[in-house]
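Participant: Take a look at the following structure, please.
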């Protein structure tokens, strides 16, 4: 089922490399997600950064998953700058971690379910969120220490979600695992899902959040690299440079097309 079949929010999209990224402000993203929750039914929200958009150029299956998402938010400043350069000056960064926190504050009646992280981590996240947002309704959580998720565990997770009856499911498995999983189970879950990457590690205190000025400057990747150099060095060195090169080629093709009418 394509995003068009699922009646996505009325927001424009623009291609960054091969990925159709949703063009919106941070508040518009919240509003669009609220419409998905109010409507109910299967939906999922992915995020776009230099890593994921470059990976999508190599992996057609992953590119298809992003193309079918109801929204693909501009998670990284590099993607935001690309959108602005391609004629969308109002585009803003919509980091799905921040989207989660904003929605918790703005929509206190939502029932939240958490999928991802290590064993016991959802309890830590729930405790942290209840301290931050008294009255928040976190109705359950399922760990996914092994990825891809084994079939037996997947059935258990789906049953736990059904029993908890949430309004929205937040999926923290990292890219591309969370995107493939959301795409695979969307019809079975039958609810809006949002990929939030390493958010649960952050809320559980395993990693530190980047300062706002770092996020705005587009250097959050460097902040994360300093915290996890062995895991992230190869990713950022390879994919960031390839993203810049791919964007330059996209710009060049765009200029040639404009020059030839």
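In the working numbering, the protein residues as written are 1 to 261.
Glycine included, every Cβ here is placed at the ideal spot set by N, Cα and C.
Helix, strand or coil: which one does DSSP assign to residue 20?
Facilitator: In the structure shown, residue 20 sits in a strand (DSSP, three-state: E or B).
Participant: Does the Cβ-Cβ distance between residue 66 and residue 19 come in under 8 Å?
Facilitator: Yes; because the gap between Cβ atoms is below 8 Å, this pair is in contact.
Participant: From residue 199 to residue 116, what distance separates their C-alpha atoms?
Facilitator: Their Cα atoms are separated by approximately 10 Å.
Participant: What's the C-alpha gap between residue 147 and residue 83?
Facilitator: Approximately 32 Å, taken between the alpha carbons.
Participant: Using a 10 Å radius around the Cβ and a threshold of 16 neighbouring Cβ atoms, would you call residue 98 buried or exposed?
Facilitator: Per the 10 Å Cβ criterion, buried.
Participant: Please give me, in chain order, every unbroken run of the beta strand (DSSP E) with length at least 3 that falls completely inside the region 133 to 199.
Facilitator: Runs of the beta strand (DSSP E) inside the region 133 to 199: 137 to 142, 168 to 172 and 192 to 195.
Participant: Which residues bound the alpha helix (DSSP H) around residue 105?
Facilitator: 96 to 106 is the extent of the alpha helix (DSSP H) around residue 105.
Participant: Enumerate in chain order the residues of its own chain whose CB-to-CB distance from residue 141 is below 6 Å, with the five nearest sequence positions on each side excluded.
Facilitator: Contacts found: 114 and 122.
Participant: Between which residues of its own chain and residue 310 is the CB-CB distance below 6 Å, once the five residues before and five after are set aside?
Facilitator: Residue 310 lies beyond the range of the chain shown here (1 to 261); nothing can be said about it.
Participant: Please say whether residue 53 and residue 243 have beta carbons closer to each other than 8 Å?
Facilitator: Contact flag set, yes.
Participant: For residue 247, which of helix, strand or coil comes out of DSSP?
Facilitator: Note: residue 247 maps to helix in three-state DSSP.
Participant: What are the boundary residues of the alpha helix (DSSP H) that includes residue 111?
Facilitator: That residue, residue 111, is in no alpha helix (DSSP H); its beta strand (DSSP E) goes 111 to 116.
Participant: When burial is assigned at 16 or more other CB atoms within 10 Å of the CB, is residue 217 buried or exposed?
Facilitator: When all chains shown are included, residue 217 counts as exposed.
Participant: In this structure, does DSSP put residue 73 in helix, strand or coil?
Facilitator: Residue 73: strand per DSSP, three-state reduction.
Participant: Can you tell which of 247, 240 and 181 has the C-alpha that lies nearest to the C-alpha of residue 44?
Facilitator: Minimum Cα distance to residue 44 is reached at 181.
Participant: In terms of residue numbering, what span does the beta strand (DSSP E) encompassing residue 48 cover?
Facilitator: Where residue 48 is concerned, the enclosing beta strand (DSSP E) stretches over 43 to 48.
Participant: What does DSSP give as the partner residues of residue 13 in its beta bridges?
Facilitator: According to DSSP, residue 13 bridges with 22.
Participant: Could you give the C-beta distance for residue 49 and residue 76, rounded to a whole number, given that I count them as a contact under 8 Å?
Facilitator: So it is a contact: roughly 3 Å between Cβ atoms.
Participant: Just mark residue 211 as buried or exposed, buried being the case when its beta carbon has 16 or more other beta carbons within 10 Å.
Facilitator: When all chains shown are included, residue 211 counts as exposed.
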